[in-house]
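Protein chains in written order, with the UniProt record's numbering: chain A, 1 to 207; chain B, 1 to 207; chain C, 1 to 207; chain D, 1 to 207.
Number of protein chains: 4
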Amino acid sequence: MPVLNDEVPDEGDYDASRRRGEFDDITPDDFIRGSGHDNPPGWLDSSDIDRARRQLPIVYVEIVPVRTDELGRISKVGTLLRAGDDSAIERTLITGRVLFHESLREAVARNIAKDLGDIALPILPVSLQPFTVAEFFPTPGVSEFYDPRQHAVALCYVVPIAGDCKPQDETLDVEWVSPAEVLRPDYLAQMPGGHDRIIRRALAWAE
Amino acid sequence: MPVLNDEVPDEGDYDASRRRGEFDDITPDDFIRGSGHDNPPGWLDSSDIDRARRQLPIVYVEIVPVRTDELGRISKVGTLLRAGDDSAIERTLITGRVLFHESLREAVARNIAKDLGDIALPILPVSLQPFTVAEFFPTPGVSEFYDPRQHAVALCYVVPIAGDCKPQDETLDVEWVSPAEVLRPDYLAQMPGGHDRIIRRALAWAE
Amino acid sequence: MPVLNDEVPDEGDYDASRRRGEFDDITPDDFIRGSGHDNPPGWLDSSDIDRARRQLPIVYVEIVPVRTDELGRISKVGTLLRAGDDSAIERTLITGRVLFHESLREAVARNIAKDLGDIALPILPVSLQPFTVAEFFPTPGVSEFYDPRQHAVALCYVVPIAGDCKPQDETLDVEWVSPAEVLRPDYLAQMPGGHDRIIRRALAWAE
Amino acid sequence: MPVLNDEVPDEGDYDASRRRGEFDDITPDDFIRGSGHDNPPGWLDSSDIDRARRQLPIVYVEIVPVRTDELGRISKVGTLLRAGDDSAIERTLITGRVLFHESLREAVARNIAKDLGDIALPILPVSLQPFTVAEFFPTPGVSEFYDPRQHAVALCYVVPIAGDCKPQDETLDVEWVSPAEVLRPDYLAQMPGGHDRIIRRALAWAE
Numbered sequence: 001m002p003v004l005n006d007e008v009p010d011e012g013d014y015d016a017s018r019r020r021g022e023f024d025d026i027t028p029d030d031f032i033r034g035s036g037h038d039n040p041p042g043w044l045d046s047s048d049i050d051r052a053r054r055q056l057p058i059v060y061v062e063i064v065p066v067r068t069d070e071l072g073r074i075s076k077v078g079t080l081l082r083a084g085d086d087s088a089i090e091r092t093l094i095t096g097r098v099l100f101h102e103s104l105r106e107a108v109a110r111n112i113a114k115d116l117g118d119i120a121l122p123i124l125p126v127s128l129q130p131f132t133v134a135e136f137f138p139t140p141g142v143s144e145f146y147d148p149r150q151h152a153v154a155l156c157y158v159v160p161i162a163g164d165c166k167p168q169d170e171t172l173d174v175e176w177v178s179p180a181e182v183l184r185p186d187y188l189a190q191m192p193g194g195h196d197r198i199i200r201r202a203l204a205w206a207e
Numbered sequence: 001m002p003v004l005n006d007e008v009p010d011e012g013d014y015d016a017s018r019r020r021g022e023f024d025d026i027t028p029d030d031f032i033r034g035s036g037h038d039n040p041p042g043w044l045d046s047s048d049i050d051r052a053r054r055q056l057p058i059v060y061v062e063i064v065p066v067r068t069d070e071l072g073r074i075s076k077v078g079t080l081l082r083a084g085d086d087s088a089i090e091r092t093l094i095t096g097r098v099l100f101h102e103s104l105r106e107a108v109a110r111n112i113a114k115d116l117g118d119i120a121l122p123i124l125p126v127s128l129q130p131f132t133v134a135e136f137f138p139t140p141g142v143s144e145f146y147d148p149r150q151h152a153v154a155l156c157y158v159v160p161i162a163g164d165c166k167p168q169d170e171t172l173d174v175e176w177v178s179p180a181e182v183l184r185p186d187y188l189a190q191m192p193g194g195h196d197r198i199i200r201r202a203l204a205w206a207e
Numbered sequence: 001m002p003v004l005n006d007e008v009p010d011e012g013d014y015d016a017s018r019r020r021g022e023f024d025d026i027t028p029d030d031f032i033r034g035s036g037h038d039n040p041p042g043w044l045d046s047s048d049i050d051r052a053r054r055q056l057p058i059v060y061v062e063i064v065p066v067r068t069d070e071l072g073r074i075s076k077v078g079t080l081l082r083a084g085d086d087s088a089i090e091r092t093l094i095t096g097r098v099l100f101h102e103s104l105r106e107a108v109a110r111n112i113a114k115d116l117g118d119i120a121l122p123i124l125p126v127s128l129q130p131f132t133v134a135e136f137f138p139t140p141g142v143s144e145f146y147d148p149r150q151h152a153v154a155l156c157y158v159v160p161i162a163g164d165c166k167p168q169d170e171t172l173d174v175e176w177v178s179p180a181e182v183l184r185p186d187y188l189a190q191m192p193g194g195h196d197r198i199i200r201r202a203l204a205w206a207e
Numbered sequence: 001m002p003v004l005n006d007e008v009p010d011e012g013d014y015d016a017s018r019r020r021g022e023f024d025d026i027t028p029d030d031f032i033r034g035s036g037h038d039n040p041p042g043w044l045d046s047s048d049i050d051r052a053r054r055q056l057p058i059v060y061v062e063i064v065p066v067r068t069d070e071l072g073r074i075s076k077v078g079t080l081l082r083a084g085d086d087s088a089i090e091r092t093l094i095t096g097r098v099l100f101h102e103s104l105r106e107a108v109a110r111n112i113a114k115d116l117g118d119i120a121l122p123i124l125p126v127s128l129q130p131f132t133v134a135e136f137f138p139t140p141g142v143s144e145f146y147d148p149r150q151h152a153v154a155l156c157y158v159v160p161i162a163g164d165c166k167p168q169d170e171t172l173d174v175e176w177v178s179p180a181e182v183l184r185p186d187y188l189a190q191m192p193g194g195h196d197r198i199i200r201r202a203l204a205w206a207e
């Protein structure tokens, strides 16, 4: 059961011929423009990413999408419904690996576009100081965050979404509920692996 | 020479008959709606505010208005040109006292509307964690921040401005320059009392 | 029932003859040295503080005292047991008003010394960026924080305590419990007025 | 010329026979205890780390060591003098890669011990919220931070040092100067690759 969103389901789409030499003249904007149907530069094929996941921590961004009112207060929190590996529906946040030579801002924008579509109009934070850093370990119990596939260090941001959401890829739907509802134990219980804790921390930080 | 914006120039407009009893049924929105020509509830007449300023620290918000690009990066920083007490033009940020029974978010919104007008469309921060807290003392040299009138504790926020600015009140103009320009020593030198340091810290925090 | 610690119980000790003119040559260290049996400069008599409390927000610091292990993780959280106005025992955090011409750091140090004694050896934060700002209003329901006496803006800090605690003044005892215990609903329920929320936020921020 | 500290100089010490299977029963403390002469678990041999550096961003911690006074204010900032690859002396901060299955706190403690010795008595932060995140790219000009070897994402912390420093490994000396001195242009100019910017941001955040 995947806990952080993975590129593995897309690996068949990966065009290895595009990768070599492509970094020579790459610009940061390539990562944004590359966020459509093709995989962006920096993508790894499954054997490379599998090896890396056994060897060193992987950088992730994790985004709590929110709707805000005119005073900046969170009115709704968005969670994603996805089909997991075992066909069960799971509830999660927007997460994704930061690619080679991709900036954190580009990774945040790309992963939001991947899950919510191109007209979500996310308002990216002015500062990259994350509200929390979540450390996922492949060993249950080592930390509050568990990811069976890898050791991941996830920089977590709250991002207001000003536009319309068109769920894409594996995302079946985006559900918006009030902060009070999202904190209900039965709701949080649907987000395993520690994502419930990230939402708690996000709301504690946002007040 | 005023260093933090002051309500003193408006004191003649203050209608004391409005104050008593008005807090009984006040709602937070009153502070926003009250931000036009009349002074909002919580305003003090000049003898009351003068006494308070000799007795205890005063809560302020200080806002660095910015323009951001689609990745959240600061493209422009806004500074205000104002006519000071001695008719000299001075450059400053958006600052204002938090009124009795007014929330910080309301104070941020009200002070932006007061200086930039009603269609500035500020994007208030999701969290009230300030990027810095500036302590202004009436004694030069005690801290990096000096305000001859008072001891003020200013919570500082960077606020993206999405709309149009119509300078109002004592604000003669809003000038937008790039982060590199605003950090030029001759530019920072135009902002006395420590506001230059607040801009430096804002840009250090925003990266 | 007091919610934020108050100087009212001490007002009889206040020596008004010390105040006038004393600010002329004051230094920041006076506030620290002044933290013993006498009230420090900046203290207000009860009629002055009562008037101020009806007129403008009051600046507070609120401290969550903790014990940490060698990796900086919180092992224990401290709460204070105090005798309230109606002789009932109440559980609270370290809170106190910031005095005129007193810096936030001095206020944090003074209030810790007042409640925990002079050999508590607090490790003050390197940055004054608070983990949260709590806005207490005298009207129930306006915010998550309620203080019947006043509108207070409290900058909140987590401060590791490295030394021994000798409870002082109205503080009857300091109780140290693990983060898991302090988050138990029955424990948090003993801290009314929103202090339970400040502890929750402190632990969400500290991870 | 290395910009972030590297494990390459130590690669000959690496005992590959220790790695396989060792993660099965590993505990977080192993990383701390493993910080002496032998490389800790999670260390990679040079071909593995070289491959990873061409494929994905590497997680780093970067530490600004400081001396603080009793109010938590920075009195001195520490910088390291090291012998670079070309025998030139270079000035840097404490930096190091986060190893597989190592927590950020362990990485901070291990890297401080590696450079400053075992009796430095660092006071690790209560929260892992970094004051800044520095993104180093192998392409000059892409960001303010440049590392010819890799794309690194460095979480940056200010850590007070309470004990004695015994420079170790490649570290020749630790130099402590005041915040005013460290910000002098000629001093900052000795720290290439963006470490000067990290110090600027640290001091802007710490005030």
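A virtual CB, placed ideally from N, CA and C, is assigned to each residue, including glycine.
Does any C-beta atom of chain A lie closer than 8 Å to the C-beta of residue i?
i: residue 153/D; result: yes
i: residue 180/B; result: no
i: residue 205/B; result: yes
i: residue 158/D; result: no
i: residue 22/D; result: Interpretation of residue 22/D is limited by its pLDDT of 36, a score under 50 that renders its predicted location unreliable; the figure taken from the coordinates is listed afterwards. For residue 22/D, the answer is no, since every Cβ of chain A falls outside 8 Å of its Cβ.
i: residue 126/D; result: no
i: residue 191/C; result: no
With a threshold of 8 Å between beta-carbons, can residue i be considered close to chain B, or not?
i: residue 199/A; result: no
i: residue 92/D; result: no
i: residue 195/C; result: no
i: residue 168/A; result: no
i: residue 88/C; result: no
i: residue 66/A; result: yes
i: residue 57/C; result: yes
i: residue 109/A; result: yes
i: residue 44/C; result: yes
Is residue j closer than 8 Å to residue i when the C-beta atoms are compared?
i: residue 96/B; j: residue 107/B; result: yes
i: residue 65/B; j: residue 129/C; result: no
i: residue 100/C; j: residue 141/C; result: no
i: residue 159/C; j: residue 112/C; result: yes
i: residue 56/C; j: residue 55/B; result: no
i: residue 59/D; j: residue 153/D; result: yes
i: residue 175/C; j: residue 71/C; result: no
i: residue 203/C; j: residue 162/C; result: no
i: residue 183/A; j: residue 61/A; result: no
For chain D, is any of its Cβ atoms less than 8 Å away from the one on residue i?
i: residue 106/C; result: yes
i: residue 177/A; result: no
i: residue 7/A; result: For residue 7/A, the predicted model reports a pLDDT of 43, less than 50, meaning its position is unreliable and no value from the coordinates is stated.
i: residue 132/B; result: yes
Quick one: residues in its chain with C-beta nearer than 8 Å to the C-beta of residue i, no 5 flanking neighbours on either side, listed in chain order?
i: residue 52/A; result: 44, 58
i: residue 201/D; result: 131, 132, 156
Excluding sequence positions up to five away, which residues of its chain have a Cβ less than 7 Å from the Cβ of residue i?
i: residue 127/A; result: none
i: residue 63/C; result: 93, 94, 108, 111, 112, 157, 159
i: residue 146/C; result: 3, 136, 137, 140, 193, 194
Can you list the residues of chain D that residue i reaches, using a CB-CB cut of under 7 Å?
i: residue 145/A; result: Ordered by position in chain D, no residue passes the 7 Å Cβ test against residue 145/A, which lies about 11 Å from the chain.
i: residue 52/A; result: 52, 55, 56
Ignore the nearest five residues each way along the sequence and tell me which others in residue i's own chain have a CB closer than 6 Å to its CB.
i: residue 164/B; result: 119
i: residue 137/D; result: 143, 151
Counting only beta-carbon atoms, is residue i nearer than 8 Å to chain C?
i: residue 136/B; result: no
Could you list which residues in chain B have their beta carbon closer than 9 Å to that of residue i, in chain order?
i: residue 103/C; result: 135, 137, 142, 143
Just the chain D side, please: which residues come within less than 9 Å of residue i by C-beta, in chain order?
i: residue 71/C; result: 28, 32, 103, 105, 106, 108, 109, 124
Closer than 8 Å by beta-carbon distance: list the chain B residues that pair up with residue i, in chain order.
i: residue 74/A; result: 126
**Prompt:** Do the stretch 78-95 of chain A and the stretch 161-174 of chain B meet, that is, are 3 or more Cβ pairs less than 8 Å apart?
**Reply:** Result no; under three Cβ-Cβ pairs closer than 8 Å.
**Prompt:** So does the stretch 98-107 of chain B actually touch the stretch 171-181 of chain D, counting three or more Cβ pairs closer than 8 Å?
**Reply:** Verdict: no, contact absent.
**Item:** the stretch 124-143 of chain A in contact with the stretch 197-204 of chain A per 3-pair CB rule at 8 Å
**Value:** yes
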